[in-house]
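Convert by adding 10 to the 1-based position in the sequence shown; the result is the number in the working numbering. Glycine residues also receive a C-beta, built at the ideal position from the N, C-alpha and C atoms.
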Amino acid sequence: MDTKLSFKSYAVVGMMLFALFFGAGNLIFPAQLGQYAGTNVWVAVAGFLVTGAGLPLLGILAIGYSKSNDLQDLAGRVHPLFGLIFTAVLYLTIGPFFAFPRTGAVAYEIGIAPFVSESFMTMGLFVFSLVFFGISLWLSLNPSKMVDNIGKFLSPAILLALLLLLVMVIVKPLGTMGAPQDVYASGAFLKGFTEGYNTMDALASLVFGIIVISTVRKMGIKSPQGILSATMKSGVVAVGLLALVYVGIAYLGATSTGVFGLFETGGPVLSEASSHYFGTFGAVLLALIITLACLTTAIGLTVATSEFFNKLTPRISYKAYVVIFTAFSLIVANAGLSNIITYSIPILMLLYPLAIALIMLAFLSPLFKHDRLVYVSAITVTFLISIIDGLKTLTASLGVGNPSWLQAIIDFYASVLPFYNSGLGWFLPIVIVIAITSVIVNLRKGTRTQAAQNEL
Numbered sequence: 011m012d013t014k015l016s017f018k019s020y021a022v023v024g025m026m027l028f029a030l031f032f033g034a035g036n037l038i039f040p041a042q043l044g045q046y047a048g049t050n051v052w053v054a055v056a057g058f059l060v061t062g063a064g065l066p067l068l069g070i071l072a073i074g075y076s077k078s079n080d081l082q083d084l085a086g087r088v089h090p091l092f093g094l095i096f097t098a099v100l101y102l103t104i105g106p107f108f109a110f111p112r113t114g115a116v117a118y119e120i121g122i123a124p125f126v127s128e129s130f131m132t133m134g135l136f137v138f139s140l141v142f143f144g145i146s147l148w149l150s151l152n153p154s155k156m157v158d159n160i161g162k163f164l165s166p167a168i169l170l171a172l173l174l175l176l177v178m179v180i181v182k183p184l185g186t187m188g189a190p191q192d193v194y195a196s197g198a199f200l201k202g203f204t205e206g207y208n209t210m211d212a213l214a215s216l217v218f219g220i221i222v223i224s225t226v227r228k229m230g231i232k233s234p235q236g237i238l239s240a241t242m243k244s245g246v247v248a249v250g251l252l253a254l255v256y257v258g259i260a261y262l263g264a265t266s267t268g269v270f271g272l273f274e275t276g277g278p279v280l281s282e283a284s285s286h287y288f289g290t291f292g293a294v295l296l297a298l299i300i301t302l303a304c305l306t307t308a309i310g311l312t313v314a315t316s317e318f319f320n321k322l323t324p325r326i327s328y329k330a331y332v333v334i335f336t337a338f339s340l341i342v343a344n345a346g347l348s349n350i351i352t353y354s355i356p357i358l359m360l361l362y363p364l365a366i367a368l369i370m371l372a373f374l375s376p377l378f379k380h381d382r383l384v385y386v387s388a389i390t391v392t393f394l395i396s397i398i399d400g401l402k403t404l405t406a407s408l409g410v411g412n413p414s415w416l417q418a419i420i421d422f423y424a425s426v427l428p429f430y431n432s433g434l435g436w437f438l439p440i441v442i443v444i445a446i447t448s449v450i451v452n453l454r455k456g457t458r459t460q461a462a463q464n465e466l
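Spelled out as C-alpha cells, the structure:
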C-alpha cells in the first residue's frame, strides 16, 4: 500500500524539480520575449507557457506513464539505434553544445557585464569564464552534497529576489508597453510557442523524469497509479513556479523598452531593472545569486552528461568526460550569449518536434497496443519535416541563401502543411499519421485474433 504524502512532501519534490529546471534560459528568454512582444505580451507568453511550462510537465509524466527506465528506453521503442542517437544528441544539446556554455555566458551578461567597460567586454568574458568553468570543473570532478545544499538554498533565494523585483515592477512600472516587433505583431502566440523551445526544459524533462520517479518511490509510493499521481502533483508545483516567473519577467521586459530600449538578448533587462529599482546593491545581489544559480546548473549538466557518456563508453572515464565537456563549453561560451542562442535554434527546431512526438506517443501508446509501426511512422514523418526546419533556420543564422533543393522542399511544405511558416508544420502530420497507423494496427491485430479463434 502506498504511503500517503502530505502537501509539504509534494512541495519539497516540486521545489527540487523547479531547481533542476531553473537555469539561465528561464530568465533571459521571457525577458526578451516581453521586450519584442510589447502590447502583445500576454498572447505571446501564453504560447511560451505551452512549451516552457506545459511540455516539461508532460515530459516528466510521459516517462512515468510509459513505465520506461529512462529516455533511451522510451526512444528505443522506435528503434534501439534511434534511442541511442536521440538520447546522445539530447544530452549534448542540454550539455556542452549549448545549455552548459550558456550558463557561463548568462552569468557574465547579467552579473558581470554591467560593471565592465565596453573595451574590456571580450577579455572580461574570457577571464570570467575561466574562473566560472574552473570552479565547475573542480566541483564536477568531486561532486558532493555541498552543491545540493547550495541548490536548495538558491531556489528560494532566487524566487525571493525575483519576487521583490517583480513586485516593484507591478507597483511602480518602468513604463508603458511598446509596439510589438516583427513576427510578434501578427503571430504572437505561435512565436511565443517556438520561443519556449529555447528554455530546453521539455528536452531536459525527458532526462529528469526518472529522477522525480525515483524520489517519489523513496518516499513510499510504489504503485504505478500512485507514482503518476505524485509526479503530477509535484510537477504542478514546479511548473506553476516556472509559469509565475515567466509571466512576471515577460511583463518586466514589455514595460522596459521605453526606459532601456531593445536589447539583443534578455540578460541586460534584468540587470538594468535591478539597478533601476535597488541601485548598485540590487545589481550586485542579483549578480551573485544568478551566478551561483548558473554554476549549480552547470555542475548538474556536466555530471549528468558525463555519467551518461561514461556509461555508454566505459573505456573513457567519467573524469575524462568532465574535462572534455568543460573545456569545450569554455570555448563555446566565449563565442558570446547572442551567438550561442543563434546557433542553438536550428538544433532545437530539429529536436523539439521529435521530443513532442515521443511524449505524444508515450501517452497514446496503449491505444495502438505499443506497436512499433506507429512509433516508426510518426517519428519518421516528424524527422522529415523537422530536419528541413533545422536546415532552414541554420542557413538563415549563417546569412546564406538556401540551396535549390532545400528551397524546393521548403516551398512544398509551405504550400501543403498548415502553420509551416510559423514552425509548426509538423504537428498536424503527426496527428494524422498516429491516427491512421493506429487504425491499421488495431485492424491487423483484430484480424489475427479472429483468425486464431476460427482455427480453434
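In the structure shown, the three-state DSSP call for Q82 is helix. The beta carbons of A198 and V53 sit closer together than 8 Å. Counting every other CB atom within 10 Å of its CB across the protein chains shown gives S414 a total below 16, marking it as exposed. Collapsing the DSSP output to three states places N344 in coil. CA-CA distance, R454 to S375, rounds to 16 Å. Secondary structure note for E317: its alpha helix (DSSP H) is the uninterrupted segment G277 to L322. Closest by C-alpha distance to Y256, out of V391, E205 and G230, is E205. Under the three-state reduction of DSSP output, W436 falls in the coil class, being neither helix nor strand. When the beta-carbon positions are compared, T392 and A367 come within less than 8 Å of each other.
Ranked by Cα distance from L347, the options P111, G268, L401 and A303 are led by P111. Counting only runs of 4+ residues, the alpha helix (DSSP H) found wholly inside the segment 199 to 282 occupies 211 to 228, 234 to 264 and 267 to 270, in chain order. For G114, the closest alpha carbon among the candidates W436, I145 and V88 is that of I145.
In this structure, the straight-line span from the alpha carbon of V217 to that of Q45 is close to 31 Å. Contact annotation: the segment 274 to 284 touches the segment 31 to 49, with at least three C-beta pairs closer than 8 Å. Assignment of R87 by DSSP, reduced to helix, strand and coil, places it in the coil class.
Under the three-state reduction of DSSP output, F32 falls in the coil class, being neither helix nor strand. From the listed residues A343, S215, M131 and R227, the smallest Cα separation to A314 is found for S215. Taking the Cα of L67 as reference, the smallest distance to any Cα among L200, S407, V386 and L252 is reached at L252. Only buried fits F58, as 16 or more other CB atoms lie within 10 angstroms of its CB. Taking C-alpha positions only, A388 is separated from G250 by approximately 31 Å. The Cβ neighbour count for P363, taken over all protein chains shown within 10 Å, is at least 16; the residue is labelled buried. In this chain, Y118 is not harboured by any alpha helix (DSSP H), its DSSP state being neither H nor E. One Cα belongs to H380, the other to V441, and the distance between them is close to 16 Å.
Secondary structure note for T405: its alpha helix (DSSP H) is the uninterrupted segment R382 to L408. Excluding five sequence positions before and after N344, the CB atoms of its chain that fall closer than 7 Å to its own CB belong to L135, F136 and S139, given in chain order.
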